[in-house]
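Peer 1: Per UniProt numbering, the very first residue in the sequence shown carries number 1; after that it's consecutive.
We treat Cβ as the ideally placed atom computed from N, Cα and C, and that holds for glycine.
Would you mind keeping the following structure in view while I ask a few things?
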Amino acid sequence: MVKSVRNKNLDSKIKGCRESLNHILASDSKVFVSFVNPFSYSQICDIPNAIEDIDVFYSDGILFSRLFSFFNPSRIERMSFDYSSIASDVFNYLQDKKLTLAVVGAKDNEIDVFIENLKQRFEFLDVVYHRNGYFEESEYSVIASDISNSNADFILLGLGSPKQEKFGSYLKNHMSKSVKIFTCGGFIYQTSLRDEYYLPWVKKFNLMWLQRFIMHSFVRKRLLVDYPKFVLSYSFGFICPGRISGS
C-alpha cells in the first residue's frame with residue numbers, strides 16, 4: 001500500500017506569520033523551533049519524539065509554503081532562518097533585550113568566521129558560547145552542560161536535518177533554563193562563505209533556490225530528485241487521507 005509522507009501532527013504545528021515569531025521570542029517558556037522543507041519533512045518525521053518536542057515549525061522555502069497553503073485553509077509565508085527572512089529580526093531582538101546567544105554548527109574555521117561576521121553586523125550581540133557541529137550523540141550531555149554553564153538565553157543549531165532536531169530535542173529535555181532553541185540548517189556555513197549570502201536580485205525575486213541550485217551539487221540532487229517525490233507523496237495524503245501518519 002502506498003503511504004503518504006504527510007504527517008498531521010507535524011502539519012498542525014506549522015505556523016506562517018511574523019506575529020507568531022514575535023510571540024515566541026517574547027515568551028517566558030522554553031520553546032524549540034525548527035524549519036521544514038521538502039527534504040527535511042520526512043527526515044523529521046523519522047526522529048522518535050521530535051514532532052512532540054518541537055513546538056513550532058516554519059516553512060523553509062517558497063515551494064513548501066505554496067504547497068501547504070494550497071491544501072490547507074491557513075496560508076503560510078516563507079520564514080527561513082537567514083538574512084533574506086527572519087535571522088536579522090531574531091538577532092536584533094536578542095541584542096535589544098540584552099539576551100545571550102549560543103551557536104553550534106559547521107566546522108571550526110567556518111563558525112569562527114560566522115561569529116566574526118555576526119559581531120560586525122550586531123555590535124552588541126552577546127555570544128557566550130560557540131562550537132563546531134561535528135560531534136556524536138555520546139557527547140550530547142557534555143555539550144549541553146557547557147551551554148547551560150554559559151547561561152545562554154538563545155541557542156542556534158546549524159547541524160542540518162535530522163541531527164539538529166535530534167540535538168535540539170535533547171537540549172529541550174535536559175536544560176532547566178527556559179531557553180529558546182532554533183535550528184538554522186546551513187545558515188552558519190553559508191554566512192561563513194559570504195556574509196550576505198544571497199545576491200540582492202535573488203532575494204528580490206525569491207530565487208534563493210536557484211542560487212543554491214547553481215552553487216551546490218547536493219542542492220541540485222534535492223531539487224531534481226527529492227523535491228518532486230515529496231510533492232507527489234505529500235499531495236497524496238490529501239487525495240487519500242486514510243494513508244497518512246499522525247491521523
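(1) Who are the near neighbours of F167 in its chain, counting only those whose CB is closer than 7 Å to its CB and skipping five residues on each side?
(2) Could you tell me the boundaries of the beta strand (DSSP E) in which S59 lies?
(3) Use the C-beta contact count for N49: other C-beta atoms within 10 angstroms, 16 or more gives buried, fewer gives exposed.
(4) What's the gap between the Cα of V219 and the Cα of F91?
(5) Quick test of your reading: E77 and C17, contact by CB under 8 Å. State the CB separation rounded to the nearest angstrom.
(6) Spatial neighbours of S233 within its chain, please: C-beta separation below 6 Å, excluding the five flanking residues on both sides.
(7) Among Y197, P228, I155, C45, which residue has its Cα nearest to the Cα of V31?
(8) I need the straight-line Cα distance from Y189 to A106, nearest angstrom please.
(9) Just checking S235 against the ligand HEM - is the residue's beta carbon closer than 8 Å to any of the ligand's heavy atoms?
(10) With respect to the beta strand (DSSP E) encompassing S34, which residues constitute its N-terminal and C-terminal limits?
(11) When DSSP labels each residue in this structure, what does K13 get in the three-state scheme?
(12) Starting from the Cα of R212, find the closest Cα among S235, I143, H130, F187 and give me that residue.
(13) Within the chosen definition, does the region 194–204 reach the region 79–90 through at least 3 CB pairs nearer than 8 Å?
Peer 2: In brief:
(1) Y140, L157, L159
(2) 56–59
(3) exposed
(4) 27 Å
(5) With 8 Å as the limit, E77 and C17 qualify as a contact, their Cβ atoms being about 7 Å apart.
(6) S4, V5
(7) I155
(8) 6 Å
(9) The model on display carries no ligand, and the ligand HEM is accordingly not part of it.
(10) Counting along the chain, the beta strand (DSSP E) containing S34 begins and ends at 31–36.
(11) coil
(12) Looking only at S235, I143, H130, F187, the smallest Cα-Cα distance to R212 is reached by F187.
(13) At 8 Å Cβ cutoff, the stretches touch.
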